[in-house]
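Worksheet: one structure, shown below.
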C-alpha cells in the first residue's frame, strides 16, 4: 500500500518519505519493543532486516551501500540500538507491579537455564 509512495519513481521528497516511514512503518516495527531485552537476537535481527529494506527503498540506495550509511543518512537509529528496550529491561527488578518485578528473579529449578524453565511466579491472589 505504501510502496508506490516510497519507491524510486515517487515524486515525494526524501524528507516526506522519511516522515511516512516514521509515522506508519516504524510504529509497526517497534510495537512492544519494551520486551525486546528478553528476546533472542535472531528475532530482533529479523525486524532489523525489514527496517533496512524499508530504508533502502526510501533512500533509493543499492544493496552495496553499508547499513551504517543507510541509517546515518536517514537519521534513524537501528532497531537493535534503540535504548527503550534495554532501559525497560534494566528497570524490571524495581517495577512497582509485583507480577513484573518478580520476572527479574530468575530461579533455576533444574538443569535448564531457559527463562521459561527458571522463572517463578508466586501466587499473588
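Numbering (this note's numbering), first residue to last: 29 to 153. Each residue gets a CB set at the ideal place from its N, CA and C atoms; glycine is no exception.
Nonlocal neighbours in the same chain, by C-beta distance under 6 Å from residue i, ignoring five residues either side
i, result
"residue 53", "82"
"residue 44", "none"
Beta carbon of residue i nearer than 9 Å to that of residue j
i, j, result
"residue 106", "residue 99", "yes"
"residue 163", "residue 85", "Nothing can be reported for residue 163: it is not among the residues displayed for the chain, which extend from 29 to 153."
"residue 94", "residue 46", "no"
"residue 165", "residue 36", "Since the displayed the chain opens at 29 and closes at 153, residue 165 lies outside it and no answer follows."
"residue 57", "residue 78", "yes"
Enclosing alpha helix (DSSP H) for residue i [first to last residue]
i, result
"residue 54", "54-57"
"residue 96", "95-102"
"residue 120", "Taken as a continuous stretch (DSSP letters only), residue 120 belongs to no alpha helix (DSSP H), as it is neither H nor E."
"residue 36", "Residue 36 -> no alpha helix (DSSP H), and no H or E assigned at all."
Neighbourhood of residue i by C-beta distance below 7 Å, restricted to the same chain and skipping five residues each side
i, result
"residue 73", "none"
"residue 153", "Note on residue 153: pLDDT 47, under 50, position unreliable in the model; no value is reported."
"residue 49", "82 and 86"
Contact test: residue i Cβ vs the ligand NAD heavy atom, cutoff 8 Å
i, result
"residue 74", "Only the bare structure without any ligand can be found here, which leaves the ligand NAD out of the picture."
Own chain residues within Cβ distance below 8 Å of residue i, not counting five before or after
i, result
"residue 76", "106, 107 and 108"
- Query: Is the stretch 36-48 in contact with the stretch 65-79, if contact means three or more CB pairs nearer than 8 Å?
  - Reply: The answer is no - the stretch 65-79 does not touch the stretch 36-48, with fewer than three Cβ pairs under 8 Å.
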